[in-house]
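Before any comments, here is the structure.
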Amino acid sequence: MGAEVLALRHANSVDQISGTTLRQMRAAFPDFVDNPKYLDHWYSAAYGKDVSAVKPVVEIDGLDVSFQRASRPNGSDAPTWDFGVDKDYRK
């Protein structure tokens, strides 16, 4: 696991934790982390660029298991489940 990951604490930000963990995962499992089989590609209006997100991990008949938004910086949106009109789109 690496000293950088083991140094993370509960008070670290989501950005610190996810960035540190993703770097370690890329180093340890490069063919897994960036495998197109597991990724969905989006344009994120909040970031103003293309982003990759992990595809939904299950398929269930009769259910739409999907995402409404790509990715956003913390604090970009009001705390609501009302997505309204969004400028993010799947590529």
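First residue of the sequence shown: 1, per UniProt numbering; consecutive thereafter.
Where is the CB? At the ideal position from N, CA and C, for every residue including glycine.
Counting Cβ pairs closer than 8 Å, one from the region 5–23 and one from the region 37–45, do we hit at least three?
no
Label residue 78 either buried or exposed according to how many other C-beta atoms from any shown protein chain fall within 10 Å of its C-beta, with 16 as the threshold for buried.
exposed
Through-space distance from residue 69 to residue 83, alpha-carbon basis
8 Å
Could you tell me which of 67, 8, 48, 29 sits nearest to residue 56, measuring between CA atoms?
67
Between residue 45 and residue 91, how many whole angstroms is the CB-CB distance? I'm expecting something under 8 Å.
About 13 Å separates the two Cβ atoms, so there is no contact after all.
When the Cα of residue 15 is compared with those of 71, 29, 63, which residue comes out closest?
71
Residues in its own chain within less than 7 Å of residue 4 by CB, not counting five upstream and five downstream?
20, 24
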